[in-house]
Structure formats: structure tokens, C-alpha cells
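Written out below as C-alpha cells is the structure these notes cover.
Number of protein chains: 2
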Amino acid sequence: MQDSPRSQDLLSAELVVADAIGKLMHFWGFKRPMGRIWTLLYLSKDPLTAADLGDRLHMSSGAISMALAELEKWGAITRTWVPGERRDFFTAETSVWTMVRRVLRERELSIVRDFRGSLTTAIAALEAESPKAPSLAATYRLERLKDLERLARTGETLLSALVAGGVVDPTVLAEPKPQHPSLPQHD
Amino acid sequence: MQDSPRSQDLLSAELVVADAIGKLMHFWGFKRPMGRIWTLLYLSKDPLTAADLGDRLHMSSGAISMALAELEKWGAITRTWVPGERRDFFTAETSVWTMVRRVLRERELSIVRDFRGSLTTAIAALEAESPKAPSLAATYRLERLKDLERLARTGETLLSALVAGGVVDPTVLAEPKPQHPSLPQHD
DNA sequence: CAGATCTTTCAGAGATCTTTGAAACCTTAC
DNA sequence: GTAAGGTTTCAAAGATCTCTGAAAGATCTG
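So the protein lines, in turn, are chains A and B.
Numbering of the first sequence is given in the working numbering, commencing with residue 192 and proceeding in unit increments.
Numbering of the second sequence is given in the working numbering, commencing with residue 192 and proceeding in unit increments.
Here is the structure:
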């Protein structure tokens, strides 16, 4: 780190926010530079070029290009052609909720679906396996797996509702009640 | 990979699910082994020891110890002492929603708060900076930052409600309407 | 079509995160 | 007190993810 915030806090404040959002996006499974780039675009009144972004963020052209491509893929930024200009200009999608919804729909939802799929497979495998002598442990395990599957299904429903823009009551996620009350309950 | 699923699909199915949950937890910002360990405990009728887990998951004692410590920290598992036994036994917390709530409360909430903090700081810095000649660009940037802050505040409220166990309407996150209708709107 | 300008790709370098395994540290039993 | 069994710590190795920079690929201009 060679540069401490000088008198142009205008710029450094911007970079601080860009880093904060980069951190946030990274935490949410995206690459940090994507957040930093989106932020600069979001805060800029006018469209910026790849070179602009690279200069401000000290990133190589390659990194910029890749990050921009991915942001574009998620609809977080838009590439625009400016009449006289040769190079591409970029603008930020400003509706955060719209972007979040898209990620929920295209990424989170399929993660939950895949997860549910592997649960279903596992349950089938176990049920096919022990037809004769279902030990207590095996029965317990199956019951647990089914609880998880129920949970995943509920989560999927909630996510869908969320994406569709509805009100959501996540408390339905709480403790799916056991189907077999005969099984021993913990405390 | 030396072992393909043999006839003990009982075990391999378990490991498949463990991996799936490991992936899920990793995606949510935790270490993959934590999810794998939690799963084995969750599916086991009886408490397991660190050695049991290490054997099944092919992990070193060190890795197991660290993962268990972190799981315990989050209340995802419990360490129990069995009368005659010398070593520690572990059991899984079975209420997923309880665990999720805890993470929302202790981790996500503070992330959003920190984020809001850095926004507030940036806004203050910028407002202190340009008292005389607020250029159009500067005005625009400030407005954007304030939108973000509003958004963060709303998110914080929603998260709190969620944690407190309430119904949540995330559509309030949509487009915080501009406070200055005089500012140019996109499209 | 050739030259200039901009963008994308990608192998290697670099940074970051994770795991191992051995030593230190407990705790219990004798 | 001390030996044995169990757990934790941590530096180094290993794996994974990310960035760089140069070359290849576009696109526009004249």
C-alpha cells in the first residue's frame, strides 16, 4: 500500500465504498473485482470505459475484461455504444433488488434443486438397500434424510415465492414436524 | 479416488449427502469440512467421536479438531461427555432453522451493519468535501450513495425481523424511490 | 485492405485458503 | 506424580482461486 488518502477524498471515498461492495459481493460468491467495478459504474453519472475502470482500480485489462463479461452475464451492467466513440462504454444496473432476484432465480434456486436431487437419490439408494432388516440406526438415518428433503422442498418453495416477488414467511422452515411420532425425540 | 461405491451404499450414500451439504455450507461462507462433519453427526443415531469422523471422512486429526471447534462455536454441534469414556462425543443440532437464524443474527447482520457504516462514512466525507461547487457528477454520486444507505438500512430491518422470527416482505427492497425527483431518471 | 485501436483469451505467476502431521498441551487413571 | 490416551495448535506443504501481460482476435477508419 503506497497511497494514503490524500486531499482528493472524493476519489478515495469512492474506492472505499467500492471495496466494501467488493467484499459484500465476494461474500456472496462472486469475485471481488466485480463488486468494485459495479460500484464505480453505479456511482458515475456517465458511462465509463474499461480503461477508466482499470486506471481507477489498478487492474489489468485482462481482469477488467473478465469481470465486465461476468457482470454483463448477470445483467448487473450494460454495454453501450457511444456514437462517435470507438471503445465500449458501460453503465450499471441501478436496481439492486432486480439483480438480487436474478441471482436467486438463476443460481440459488438451482443449488437448492441440485441439493434436493442428491437427497432424493440418497434416500432411494438407502431404501433399496435395506429391505429386510432395517436397523434402528438405518431407520433413524432415513428419517433424518427425509426431514432434510422436506426442508429443501420448503426452501425451494420460499425461494420461488421470493423470486416471484411475494411476501415470505420463513418461519415455516422451523422444525418440520416428525412424520413418525414414535421415533425418539431429542430432549 | 480409489473406491467406487461398493455394496455398502449405506455408507457411500451418506458420504454423498455429506459432500452435498459440505458444498452448500461452503457456498454459504463456511469451510466445506464443517458441513461434512455436521452431516455425519446429523445422520447418526448415536454420538460420534473425533476419531470416528476422521476415519469416515479421511481427514487428519488436526482438521477434525478445527472443524469441530468452529461448528461448536456456531452451536451446530454439541460436545457431550459419555460416562465411562475418555474421549469426547459429538452430536448435531438438528434444527436447521435455529442454526440459520443464529448465523443471520451473528454474522450477516454485522456484515450489513459494517457496510452501512462505511457508506455513512463515505457520505459524510463527500459532503464535507464539496461544500461550494457541487458538480453534477458529485451530486449524482451522493444521491446514489444515499440510495445505497437507504437500501442497507432496509436490509438491516428485514434481517432483524427475520431473526426475530417474523414474516418478511422483501419487496420493500425494490427501488427505493428517489428523494429528489428532479434528478434525471434512467430510461 | 491495411493500419490503428480496442477487447478477449489464456498460460504462467502470484495470492489466498485449506490440510497435514508432529509437537505441545490437557486430563484422567493408577 | 507420571504414564497413557485424547485434543489442540501451528508452521509448512498442498490445493485452489485470481491476476497479469502478451498474443490473438475484433472492429472501425480511411
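Every residue, glycine too, gets a C-beta built ideally from N, C-alpha and C.
Taking the alpha carbon of residue 265 (chain B) as the reference point, which residue from B:293, B:324, B:275 has its own alpha carbon closest? B:293
Nearest-angstrom Cα distance between residue 253 (chain A) and residue 243 (chain A)? 14 Å
Any beta-carbon of chain B closer than 9 Å to the one on residue 285 (chain A)? yes
Determine the chain B residues that contact residue 207 (chain A) at a beta-carbon separation under 8 Å, and present them in chain order. 309, 312, 313
Please report the residue range of the beta strand (DSSP E) in which residue 270 (chain B) lies. 268 to 272
Alpha carbon of residue 299 (chain B) to alpha carbon of residue 339 (chain A), nearest angstrom: 23 Å
From B:273, B:206, B:219, residue whose alpha carbon lies closest to that of residue 291 (chain B): B:219
Is the region 341 to 353 of chain B touching the region 295 to 309 of chain B, taking contact as three or more C-beta pairs under 8 Å? yes
Among A:288, A:280, A:258, A:276, which residue has its Cα nearest to the Cα of residue 270 (chain A)? A:280
Distance, Cα to Cα, residue 196 (chain B) vs residue 331 (chain A)? Because the pLDDT of residue 196 (chain B) is 35, which lies under 50, any placement of that residue in the model is unreliable, and the number read from its coordinates should be weighed accordingly. Rounded to whole angstroms, residue 196 (chain B) to residue 331 (chain A) spans 22 Å at the Cα level.
Could you check which residue in A:268, A:263, A:227, A:276 has the C-alpha nearest to that of residue 203 (chain A)? A:227
Which value, in whole angstroms, describes the spacing of the CA atoms of residue 284 (chain B) and residue 233 (chain B)? 7 Å
Measure the beta-carbon distance from residue 353 (chain A) to residue 288 (chain B) and round it to whole angstroms, keeping in mind my assumption that it falls under 8 Å. Not confirmed; about 16 Å, so no contact.
In angstroms, rounded to a whole number, what distance separates the CA positions of residue 245 (chain B) and residue 223 (chain B)? 14 Å
According to the neighbour-count rule (16 or more other Cβ atoms, all chains shown, within 10 Å of its Cβ), is residue 235 (chain A) buried or exposed? buried
What residues in the region 289 to 308 of chain B have a beta carbon less than 7 Å from any beta carbon of chain A? 302, 306
What do you reckon, are the CB atoms on residue 209 (chain B) and residue 231 (chain B) nearer than 9 Å? yes
What does DSSP give as the partner residue(s) for residue 240 (chain B) in the beta ladder? B:280
Residue range of the alpha helix (DSSP H) that includes residue 264 (chain A): 252 to 264
For residue 278 (chain B), count neighbouring C-beta atoms within 10 Å of its own C-beta (all shown protein chains included) and say buried if the count is 16 or more, exposed if not. exposed
CB-CB under 8 Å to residue 303 (chain A), same chain, minus the five flanking residues each way: which ones, in chain order? 343, 346, 347, 350
Three-state secondary structure (DSSP) of residue 380 (chain B): Only positions 192 to 378 of chain B appear in the structure, and residue 380 (chain B) is not among them; the question remains open.
List the residues of chain A whose Cβ lies closer than 7 Å to the Cβ of residue 342 (chain B), in chain order. 287
Quick check on the burial criterion: 16 or more other C-beta atoms within 10 angstroms. Buried or exposed for residue 297 (chain B)? exposed
Anyone know if the C-beta pair for residue 359 (chain A) and residue 361 (chain B) falls short of 9 Å? yes
Reduced DSSP category for residue 359 (chain A) - H, G, I as helix; E, B as strand; rest coil: strand
With a threshold of 7 Å on Cβ separation, who are the neighbours of residue 237 (chain A) within its own chain once the five nearest residues in sequence on each side are excluded? none
Please classify residue 217 (chain A): does DSSP put it in a helix, a strand, or coil? helix
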